[in-house]
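Colleague: Starting off with a structure, shown below.
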Amino acid sequence: MEIAIQLAADVSVREVIFEGDSSNICKAIQGSVTMPPSIQNIVYGILVQLQTFRYFDISHVKRQGNVPAHLLAQHALHVEDFHAWLDECPSPIVHACACDVTLYLMYSVLTKV
């Protein structure tokens with residue numbers, strides 16, 4: 001999550017929603033659980049970085065609901081150097097993100113009823 005937050009800041013995104021499949025990390029960042037000492041410095045660093053955004057939200061999603069991140073992690077296993085896609089990225093990831101956004105919008109509409 002640290003790298004995602006840094007990338008969002010670097011490309012001047014001002015309003016963000018970060019999703020993670022580690023419930024403990026998400027809860028620690030949200031301040032709803034006491035952090036184990038082993039991750040305190042990491043979480044404090046994340047909290048400092050998050051203050052640069054106009055709006056941010058951290059949400060936990062189950063691994064099966066985090067397909068784009070999973071595909072990106074699998075792709076990263078075969079990448080030797082740092083890559084950042086700003087205009088184009090691998091099509092399976094684009095497709096997974098589009099599906100993720102569609103499902104999010106459908107859920108948002110259904111829960112507002």
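Residue numbers are given in the UniProt record's numbering: position 105 of the sequence shown equals residue 105, and the series is strictly consecutive. We put the beta carbon where it would ideally sit given N, CA and C, even for glycine. Keep in mind that this is a model prediction, so the values were computed, not measured.
Would you kindly work out how many angstroms separate the C-alpha atoms of Leu110 and Asp57, rounded to a whole number?
Modeller: Roughly 20 Å separates the two Cα atoms.
Colleague: For the structure I just gave you, are there three or more beta carbon pairs, one from the region 79-92 and one from the region 46-54, closer than 8 Å?
Modeller: Short answer: they don't touch.
Colleague: Who does Gly65 pair with in a DSSP beta bridge?
Modeller: Paired residues: none, contrary to the question.
Colleague: Let me know the alpha helix (DSSP H) ranges lying completely inside the region 21-47, each 4 residues or longer, listed in chain order.
Modeller: Those alpha helix (DSSP H) runs which fall completely within the region 21-47 and span 4+ residues are 23-30.
Colleague: DSSP on Val11, reduced to helix/strand/coil?
Modeller: Of the three classes helix, strand and coil, the one that applies to Val11 here is coil, per DSSP.
Colleague: Give the DSSP-derived three-state secondary structure of Val79 in the structure shown.
Modeller: If DSSP states are grouped into helix, strand and coil, Val79 belongs with coil.
Colleague: Please say whether Ser23 and residue 115 have beta carbons closer to each other than 8 Å?
Modeller: Nothing can be reported for residue 115, as the shown portion of the chain is limited to 1 through 113.
Colleague: Let's test the definition: count the other Cβ atoms within 10 Å of the Cβ of Cys26 and tell me whether it reaches 16, buried, or not, exposed.
Modeller: Label assigned to Cys26: buried.
Colleague: Following the continuous beta strand (DSSP E) through Asp57, name the residue where it begins and the one where it ends.
Modeller: Asp57 -> beta strand (DSSP E) spans 55-60.
Colleague: Are Ile17 and Ala28 close, meaning C-beta to C-beta below 8 Å?
Modeller: Cβ atoms of Ile17 and Ala28: not closer than 8 Å.
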